[in-house]
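See structure below.
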Amino acid sequence: MKRHFAVQMALLSLLLPGMNFLTSLKAQDKNSIIIDNLVFKSKILRSEISYAVYLPPGFPSSEKQYPVLYLLHGFGSHHRTWITEGNLKETADFSIRSGFLPPAVIVLPDAGTSWNINDCRGKYRWEDMFLMEFIPYIEAQYHISRNPNHRAIGGLSMGGYGAIVLALKHPDIFHLVLAMSAALRTDDDLLKTDETQWKNNLKPVFSCRNDAPSQRITAHWQENNPFLLLDQIPEDTLKQLSFYLDCGKDDYFYTSNRLFASLLEKHNVPCETAVFEGTHSWQYWRYALKRALPYAGKIWTRKIKPESTNQ
Numbered sequence: 001m002k003r004h005f006a007v008q009m010a011l012l013s014l015l016l017p018g019m020n021f022l023t024s025l026k027a028q029d030k031n032s033i034i035i036d037n038l039v040f041k042s043k044i045l046r047s048e049i050s051y052a053v054y055l056p057p058g059f060p061s062s063e064k065q066y067p068v069l070y071l072l073h074g075f076g077s078h079h080r081t082w083i084t085e086g087n088l089k090e091t092a093d094f095s096i097r098s099g100f101l102p103p104a105v106i107v108l109p110d111a112g113t114s115w116n117i118n119d120c121r122g123k124y125r126w127e128d129m130f131l132m133e134f135i136p137y138i139e140a141q142y143h144i145s146r147n148p149n150h151r152a153i154g155g156l157s158m159g160g161y162g163a164i165v166l167a168l169k170h171p172d173i174f175h176l177v178l179a180m181s182a183a184l185r186t187d188d189d190l191l192k193t194d195e196t197q198w199k200n201n202l203k204p205v206f207s208c209r210n211d212a213p214s215q216r217i218t219a220h221w222q223e224n225n226p227f228l229l230l231d232q233i234p235e236d237t238l239k240q241l242s243f244y245l246d247c248g249k250d251d252y253f254y255t256s257n258r259l260f261a262s263l264l265e266k267h268n269v270p271c272e273t274a275v276f277e278g279t280h281s282w283q284y285w286r287y288a289l290k291r292a293l294p295y296a297g298k299i300w301t302r303k304i305k306p307e308s309t310n311q
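Numbered by our numbering, the letters in the sequence shown go through residues 1 to 311 in order.
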């Protein structure tokens with residue numbers, strides 16, 4: 001009952017005055033639900049983190065354990081953008097209804113401009129918050145599986161980078177990655193990055209106090225470089241992961257995404273790639289999500305087995 005309390009209270013807040021709660025709950029149970037005004041209080045960050053959640057049809061009355069996708073947004077965006085710009089609800093509904101995706105919970109945390117990792121100076125430890133506080137909190141609030149085979153992480157641009165890095169750094173937590181137009185940079189790419197973009201978007205996270213002002217290839221950058229992380233993970237561990245990489249031909253991250261895909265292939269890591277005409281834009285990402293969710297469905301359908309409701 002405790003697991004349903006937060007969901008029921010959120011649903012109750014959505015009901016019109018005078019409506020019968022039980023009748024409305026049954027009506028809602030037939031449809032998916034998005035709650036986009038949720039807040040998590042983080043002790044690590046000493047601040048509140050906004051997040052949204054997509055609950056599939058049948059979730060409120062079910063006791064089964066659902067697979068979960070943590071879906072990350074891009075730089076300068078927020079947790080609602082996948083909903084308002086990416087047609088998340090419609091795409092997830094269609095994928096489930098068509099049998100491409102098993103009913104799943106999708107969680108959208110706000111990451112600001114953190115790149116989904118801890119900043120070098122320890123002022124904003126988003127990665128620690130996400131792994132040590134947020135995921136356990138979500139698992140306590142919603143009846144989702146705690147099996148890493150049923151836990152996916154995905155995102156676009158900054159969020160695609162974050163999804164890849166977090167999975168490579170924590171392969172015991174995430175076994176499935178859905179990266180769309182991932183903001184991947186080789187060392188050479190970083191050195192060629194526009195000075196304004198470096199100072200405003202990257203330096204606050206990747207540059208430490210003891211780094212030279214002009215230094216870009218910092219220790220923190222290397223510790224969170226997916227091209228280097230691949231070589232640090234045992235082959236048997238890497239093979240437990242599955243990647244879906246989708247990037248438009250006209251995207252400025254196209255070359256780095258293709259390079260990363262080739263390295264995954266070299267390491268014999270299961271990976272499916274998609275390349276279509278398109279730029280770094282929502283016009284592309286809406287369709288990318290339509291392609292990514294069925295891939296998640298394929299992997300989950302293969303790995304999901306009946307499990308106890310107490311898992």
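We treat Cβ as the ideally placed atom computed from N, Cα and C, and that holds for glycine.
Note that this is a predicted model, so its numbers are computed, not measured.
1. Using DSSP with H/G/I as helix, E/B as strand and the rest coil, what is residue 154?
2. Return the chain-ordered ranges of every alpha helix (DSSP H) run that is complete within the region 174-260 and spans a minimum of 4 residues.
3. Name the DSSP bridge partner or partners of residue 105?
4. What's the gap between the Cα of residue 254 and the Cα of residue 247?
5. Taking residue 320 as the reference, give the member of 259, 296 and 70 with the closest Cα.
6. In this structure, how does DSSP classify residue 46 when only helix, strand and coil are distinguished?
7. In three-state terms, what does DSSP make of residue 24?
8. Are the beta-carbon atoms belonging to residue 285 and residue 86 less than 9 Å from one another?
9. Check the DSSP bridge columns for residue 41 and list the partner residues they point to.
10. Would you mind stating whether residue 176 and residue 182 have Cβ atoms separated by less than 9 Å?
11. Going by DSSP in three states, residue 311 sits in which element: helix, strand or coil?
12. Return yes when the Cβ of residue 91 is within less than 9 Å of the Cβ of residue 293, no when it is not.
13. Around the C-beta of residue 109, are 16 or more other C-beta atoms found within 10 angstroms, so that it is buried, or is it exposed?
14. On the three-state DSSP scale, how would you describe residue 273?
15. Could you tell me which residues DSSP puts in a beta bridge with residue 33?
16. Return the CA-CA distance between residue 43 and residue 102, expressed in angstroms with no decimal places.
17. Note down the Cα distance separating residue 30 from residue 84, rounded to an integer number of angstroms.
18. If you draw a straight line from the alpha carbon of residue 25 to that of residue 57, how long is it in whole angstroms?
19. By how many angstroms is the C-alpha of residue 94 removed from the C-alpha of residue 50?
20. Decide if the region 221-241 is in contact with the region 128-145; the criterion is three or more beta carbon pairs, one per stretch, under 8 Å apart.
21. When burial is assigned at 16 or more other CB atoms within 10 Å of the CB, is residue 118 buried or exposed?
22. Excluding five sequence neighbours on each side, which residues of the same chain lie with their C-beta closer than 8 Å to the C-beta of residue 116?
23. Provide the residue span of the alpha helix (DSSP H) that contains residue 82, from first to last.
24. Do you know how far the Cα of residue 215 is from the Cα of residue 302?
25. Roughly how many angstroms lie between the CA atoms of residue 33 and residue 107, to the nearest whole one?
26. Would you tell me roughly how many angstroms separate the C-alpha atoms of residue 5 and residue 140, rounded to the nearest one?
27. So what's residue 286 in DSSP terms, helix, strand or just coil?
28. How many whole angstroms separate the CB atoms of residue 252 and residue 179, which I take to be in contact at a CB cut-off of 8 Å?
29. Using 8 Å for Cβ pairs, my map puts residue 59 next to residue 134. What's the rounded Cβ distance?
30. Helix or strand or just coil, what does DSSP make of residue 117?
The answer reads as follows:
1. Sequence index remark: in the sequence shown, residue 154 carries index 154 (1-based). Three-state result, residue 154: strand.
2. 187-192, 203-206, 219-223, 226-229 and 235-238
3. Working through the sequence shown from its first residue, we reach residue 105 at position 105. DSSP, once it has assigned bridges, lists 68 as partnering residue 105.
4. Start at 1 with the first residue of the sequence shown, and residue 254 comes out as number 254. Start at 1 with the first residue of the sequence shown, and residue 247 comes out as number 247. Cα-Cα distance, rounded: 6 Å.
5. Since the first residue of the chain shown is 1 and the last is 311, residue 320 is not available in this structure.
6. Stepping through the sequence shown from its first residue, residue 46 is reached at position 46. Residue 46: coil per DSSP, three-state reduction.
7. Within the sequence shown, numbered from 1, the residue matching residue 24 stands at position 24. Summary for residue 24: the model assigns pLDDT 49, below 50, so the residue's position carries little reliability; its value from the coordinates is reported in the next sentence. It is helical.
8. In the sequence shown, residue 285 corresponds to position 285, counting from 1. In the sequence shown, residue 86 corresponds to position 86, counting from 1. Closer than 9 Å, so yes.
9. For this step, residue 41 is matched to residue 41 along the sequence shown. For residue 41, which the question treats as bridged, DSSP gives the partners 48.
10. What you label residue 176 is simply residue 176 of the sequence shown in a count that begins at 1. What you label residue 182 is simply residue 182 of the sequence shown in a count that begins at 1. Cβ distance not < 9 Å, so residue 176 and residue 182 don't count as in contact.
11. What you label residue 311 is simply residue 311 of the sequence shown in a count that begins at 1. With a pLDDT of 38 at residue 311, under the threshold of 50, the predicted position of this residue should be treated as unreliable, and no value is reported.
12. Counting from 1 along the sequence shown, the entry for residue 293 is found at position 293. Counting from 1 along the sequence shown, the entry for residue 91 is found at position 91. In contact: residue 293 and residue 91 (Cβ atoms closer than 9 Å).
13. As a first step, residue 109 must be located in the sequence shown, where it is residue number 109. Buried, by the Cβ-count rule.
14. As a first step, residue 273 is located in the sequence shown; it is residue number 273 there, counting from the start. Note: residue 273 maps to strand in three-state DSSP.
15. Along the sequence shown, one-based indexing puts residue 33 at 33. Note: residue 33 sits in a beta bridge opposite 55.
16. As a first step, residue 43 is located in the sequence shown; it is residue number 43 there, counting from the start. As a first step, residue 102 is located in the sequence shown; it is residue number 102 there, counting from the start. Approximately 34 Å, taken between the alpha carbons.
17. Counted from its first residue, the sequence shown places residue 30 at position 30. Counted from its first residue, the sequence shown places residue 84 at position 84. Cα to Cα, residue 30 sits roughly 22 Å from residue 84.
18. Within the sequence shown, the letter at position 25 stands for residue 25. Within the sequence shown, the letter at position 57 stands for residue 57. Low confidence applies to residue 25: its pLDDT is 46, below 50, so where it sits in the model is not reliable enough to give any reading.
19. Position 50 of the sequence shown, counting from 1, holds the residue named residue 50. Position 94 of the sequence shown, counting from 1, holds the residue named residue 94. Approximately 26 Å between the Cα atoms of the pair.
20. no
21. The sequence position of residue 118 within the sequence shown is 118, counting from 1. Result: buried.
22. Along the sequence shown, read from residue 1 onward, the residue named residue 116 stands at position 116. The answer, listed in chain order, is 72, 126, 127, 130, 155, 158, 159, 161, 162, 163, 165 and 166.
23. Walking along the sequence shown from the start, residue 82 turns up at place 82. Residue 82 -> alpha helix (DSSP H) spans 81-84.
24. For the purposes of this step, residue 302 is identified with residue 302 of the sequence shown, where counting begins at 1. For the purposes of this step, residue 215 is identified with residue 215 of the sequence shown, where counting begins at 1. Roughly 46 Å separates the two Cα atoms.
25. On the sequence shown, position 33 is the one that residue 33 refers to. On the sequence shown, position 107 is the one that residue 107 refers to. So the two alpha carbons sit approximately 12 Å from each other.
26. As a working mapping, residue 5 is identified with position 5 in the sequence shown. As a working mapping, residue 140 is identified with position 140 in the sequence shown. Note on residue 5: pLDDT 42, under 50, position unreliable in the model; the coordinate value appears next. The alpha-carbon atoms of residue 5 and residue 140 are separated by roughly 11 Å.
27. By one-based count along the sequence shown, residue 286 stands at place 286. In the structure shown, residue 286 sits in a helix (DSSP, three-state: H, G or I).
28. Residue mapping note: residue 252 aligns to position 252 of the sequence shown, counting from 1. Residue mapping note: residue 179 aligns to position 179 of the sequence shown, counting from 1. No, residue 252 and residue 179 are not in contact; Cβ-Cβ is about 15 Å, not under 8 Å.
29. Residue mapping note: residue 59 aligns to position 59 of the sequence shown, counting from 1. Residue mapping note: residue 134 aligns to position 134 of the sequence shown, counting from 1. Between residue 134 and residue 59 the Cβ distance is about 20 Å, and since that is not below 8 Å, they are no contact.
30. Counting from one through the sequence shown, the residue named residue 117 turns up at place 117. In this structure, residue 117 counts as coil in the three-state DSSP scheme.
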